[in-house]
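What follows is one structure encoded as C-alpha cells, with my remarks underneath.
Residue numbers (UniProt numbering): 1 to 1021.
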C-alpha cells in the first residue's frame, strides 16, 4: 500500500509519544514533589519538546522540565538526587534558551529558572550594586535600575530575553566590552547550589560552606589547582579582551592574590552548580552618547579600518556586512533606521562600522567625535580605506533604533531565502583585533572553497566576528560539512592566536576543550569538575567530565534538529515553512510589555505558548504524522473537498468523548494553538516571519477532521451570516442578551461571556440621516471620470457595521465634510473569523466570493476604504496566502492610508487646542503597517491637532479571543500588561483607538466607549 492510499485510509491517526521517561526519573520526580517542592513539574511531551531546542542546530529531548520557585526548591532538587538510587538523574539549568551551542540541552532534567525566579531583590543606589534572581532578564534589570542612573553594562543582542543566569553561565559580553568587559567583570558574588543541595555564597559573606559538602570540597580543590598551576595557566592563554570562558582559572586569582571562586562559576554553563542569585555591580549611565555610522565599499575595508576606530577611543565598534544590511532592508526594522543609514548615491554599501562614543562629559564626547569626523572627511576626500560615507547620530532614540537593527542581525540571517540557512557553530571565534582582517580573509576563503554563502556581523573592537555559514541541515552531506568546517576553523583560530569561543560558550563544541587547554591543564579542569560534581550530574558532557570518569564530552556532530526535520517529506516542509524555518532566536520571548509579540507567552511564561514553541510542536506533529504514513498534503486537500456527513459527525463526537482516555500528541499541540490570540504580530515582528496564525489555522482544520469542534467555534465562524439577521430586530436581540439567565447559559453551554450589544439605531437607519446614495454599480460606471473621483466607497466589516454603527456613520460625516461623496458598499462577509478557527473550506469560499465582488467594484477606479484594521488587512494577508494569483488586484485602504496622500486637497488648520490626543494602535496594524502611527500623526498635524502614540502591546481581546470563557483571565492579564497602566494615567476622552476589538476591550473593563481616530478628526472639522 503506497503512502497516499495509507493516508486516506487512516485519515488522522492518534499520535503517541514514546514512553521514554526513565522510571528512575519518574520516581525521583514523585519523591521531589512529596518532599515539598513548590515549583512546577512537567513531564508532558509538549513541555519537554519546547525545551528540546535553543538557538543552535541541536535537538535533545529531556526527561522532564522543572520550574523551581525558590532557592530552597533548587536545593531540594540536589538533595533528593544525591540519594544512591537517583545517581543517574542529571540536570541542565536553563534561562532564556537563547544559547547558540546547545548549552542548556540535555537528555536529563531541564531546570528552568526563568518562569518563577525572576525578581530584582535589592538595589543599593549608594554603593552601585544590585542583587537579582537568575531568571531576571537583562532589559528587565536595566528598567529597574535606570531611575537610579545606572545600567548593567554587558550588552547582548538578545538583551530583551536573555536571563542574568544565562549571562553568568556563558560569561556573556556583547557590544561595548572593550570598555565594560564581560559579565564576570561585574559579578560581585553568586549564590550557587551544588548537586548535593549544598549552598555557597561565592564571596563567603554567608560564611564557610558546610563541612563535607560538595561546596566545601569545590572551594578547596579549585583554589589549590589555581595556585599550583598558576604559571602554566598564565603561559597558556592569550591576553584577549574576550578571555577564555568556562572555568576561568586565570582570573580566579585576583591582583591582590586572593582566590575568587566566582570567576570559576562564571562561564561554567551550569556544569558545576546551579546559579540562583547574583550580586552585580552597576555602571553609571553615560550622560553623553554619539554614534557614527561609517559606510564602506567592501566588508574587508570595514574590518581593516576598525582598529583606527578603536584608536579613536571609541566605546565600541560594531560591524555589519552587506548580507545582514540587505536582509534588514526587507524587515519591519528598516523603517525605523532608513533615514539614519542612508544609501550613498552611485555607491554600493558593502558594510558598515557602527562606532559609539560615550562618557559622563559631553565636551569629551564632542571632542572625540570631532577628531574622528575630521579624519573621516580627509580619508573620504582622498578616496582611501574604502570609506564611501558616514552619518553622525546624537539623538538617543535614534541610537537605540540603530542598535535595535544590529541586535536583530542574528534573526535576520535566519530569514535568508532558500533551504540553506546561516547557522551558528563557528560564529564567535576571537582573535587579536590586529589579526582579524587577515583571519577573516582566510575564513572566507575556506567557506568559499566549500561553496557556502554566509553573513557576518560582530564586535570588531574585541576581535569577535559572528560568521554564520548557510547550510541545509536536512541534507546529511551538508550536515557533515558542518563538522568539516568546524575542524578547519579550530586550526585557523590557533594559527592567529585566538580562541574558538569568544562569547557564546562551548556547549556541543566541548570536544575541542582538550586541544585548547592542553592535556595537563585539561586534567586539572577535570579535577575541578570532580570536586564540584563527582557524579557528573550537572550538565554532563559540557566543558569537561570529572577526573577518573569514563563519561564522554558532547560533540559537534551530535544529533541535530535537521535529523528530525528531514524525516518530514520535503513538499510538506516547504508548505509549512512558517513553522519549519523557525531558528530558535527567541525574539518572541521579548520581555518588553509594549512589544506586540507574543502576548500569550508574556502572560503564561510557558515556552509552548510562543511562536517558537508552537512552531516546534507543529514540526513534531508533522514528523509524527509522516512517521505513521500519513500523506499530509492529500489529507489537507481532502478537508477542502469532503462534504459533511452524519457518520463523520458521529465519529468526531465519539473521538472527542474518548480523547480524555486515549493519548494523542495532537491534543497537546491543540492546547498550545488554543492559547494563540491570532494577533499576527509574529508574522512581521519575528525576523524569520514565523506566522503562527497561518499554520495554526491549517492545524485546526486537520485536527477537527478527527475531533469534533466546540460549539463556540461554530458561533464565531458563522457570526457574519447571523449579524444581518440579528440586526433586523436589534432591540429584541439586545434585550435577550442582557438577561442574566441568557448570559449564564451562553457562558456555560457555549463558552462565551460579555457578548457585545448590537447598535441601535442600526447602520441602515443611521445612513438615512445623510445625503448618501445607495450603491449602484451601473450608475457609477456611467459617471464621467472626474465626477467619479469625488466618490469614496466604504467597505463594511461585520463588527463596526453591526456593533459600532456610529463609527461608520461618523466616517460618512467626515467624508462629506471633506467634500467627498460617500457610498456604502453592501455588506459582504470577510471570513477572518473562519480563518482564525480553522474553517478553511468555508474561509476559501468566503474569500473567493468577497474577492470576486471587490474586484468588480475595483473596476470603478473609486477608492475603497475600510474602518477596522484586522478585517482590512485580512485582504492583504490571509486572502493572498489562500488565493495567491487568483486574488485579483483590488485594494481596500484603511482610513489613514486614504487620507494621507490626499491631505493637500483639504484646508490646513491652525492649532486651537494645546491638549494632545493619544493613539493606541491595533497590534496587527502596527506590525503589518509600521508607519501607521507616524502617518496618523501627520494627518492630525495637518488638521491643527497633536497626536501622540502610546507604546502598547496587545489589548487581549483579539477578535473573539477575549470573549471565550477559558481565555477570560488571560485576556484580562494581557490588558493589564500595557493597556490599563497607560489608560489610567491619560484622560480617557483624549484616547483614540483604531481597532474595534481594542475599543471593545476598553469599553468592557473601563465602562467608557473610546473613539476611533476618524471620530476625533470629525470633531476637529
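Cβ atoms here follow ideal geometry from the backbone N, Cα and C, with glycine treated the same way. Please read all numbers here as calculations on a predicted model, not as lab measurements.
- When the five nearest sequence neighbours on each side are left out, the beta carbons in the same chain lying within less than 6 Å of the beta carbon of residue 730 are those of 758, 760, 762, in order along the chain.
- By the C-beta criterion, the region 184–195 is judged not to be in contact with the region 110–125, since fewer than 3 inter-stretch pairs fall below 8 Å.
- Spanning the alpha carbons of residue 457 and residue 137 requires a straight line of approximately 24 Å.
- In the three-state DSSP reduction, residue 741 falls in the helix class (H, G or I).
- For the region 229–289, the full-length beta strand (DSSP E) segments reaching 3 residues or more read 274–281 along the chain.
- Sequence-distant partners of residue 33 (beyond 5 residues in either direction) whose C-beta falls short of 8 Å from its own C-beta, in its chain, are 41.
- In summary, residue 356 is buried, with 16 or more beta-carbon neighbours lying within 10 Å of its beta-carbon over all protein chains present.
- Sequence-distant Cβ neighbours of residue 93 in its own chain, meaning closer than 6 Å and more than five residues away, are 111, 270, 274.
- The region 682–724 contains, as complete alpha helix (DSSP H) runs of 4+ residues, the segments 682–685, 692–703, 711–717 (chain order).
- Counting only runs of 4+ residues, the alpha helix (DSSP H) found wholly inside the region 153–233 occupies 164–170, 177–180, 214–228, in chain order.
- In the DSSP annotation of this structure, the continuous segment of the beta strand (DSSP E) that includes residue 94 starts and ends at 91–94.
- Within the region 901–989, the runs of alpha helix (DSSP H) at least 4 residues long that lie entirely inside it are, in chain order, 923–928, 932–942, 968–984.
- In the structure shown, residue 342 falls within a coil segment according to DSSP collapsed to helix, strand and coil.
- Residue 64 is a Cβ neighbour of residue 48, given a cutoff of 8 Å.
- A direct Cα-to-Cα measurement between residue 1020 and residue 943 gives close to 7 Å.
- In this structure, DSSP gives residue 859 a state outside helix and strand, which the three-state scheme calls coil.
- In the three-state scheme derived from DSSP, where H, G and I count as helix and E and B as strand, residue 496 is classed as coil.
- In terms of Cα proximity to residue 433, the closest of 442, 228, 481, 496 is 496.
- Here residue 1008 is exposed, its C-beta having fewer than 16 other C-beta atoms within 10 Å.
- Around the CB of residue 360, fewer than 16 other CB atoms lie within 10 Å, so the residue is classed as exposed.
- Taking a contact to require three or more Cβ pairs closer than 8 Å, the region 409–419 and the region 281–295 do not qualify as touching.
- In the displayed model, residue 457 falls within a strand according to three-state DSSP.
- Our two residues, residue 957 and residue 203, have alpha carbons roughly 49 Å apart in a direct line.
- CA-to-CA, the gap between residue 923 and residue 435 works out to about 47 Å.
- Under the Cβ criterion (8 Å, minimum of three pairs), the region 1011–1020 counts as touching the region 809–823.
- For residue 996, the enclosing alpha helix (DSSP H) covers residues 996–1006.
- Under DSSP, residue 318 shares a beta bridge with 354, 459.
- The Cβ atoms of residue 53 and residue 586 lie no closer than 8 Å to each other.
- Its Cα nearest to that of residue 409, the residue 323 stands out among 420, 323, 149, 394.
- In the DSSP assignment, residue 65 is bridged to 42, 110.
- About 27 Å separates the beta carbons of residue 999 and residue 591, which is beyond the 8 Å limit, so they are not a contact pair.
- Exclusion of the five residues before and after residue 1003 leaves 1009, 1010 as the residues of its chain whose Cβ lies within less than 8 Å of its Cβ.
- With a minimum length of 4 residues, the unbroken runs of alpha helix (DSSP H) contained wholly in the region 388–426 fall at 396–407, 409–414.
- When rounded, the separation of the alpha-carbon atoms in residue 105 and residue 814 is 58 Å.
- Shown here, residue 293 sits in a strand according to DSSP, grouped into three states.
- Around the beta-carbon of residue 692, 16 or more other beta-carbon atoms lie within 10 Å, marking it buried.
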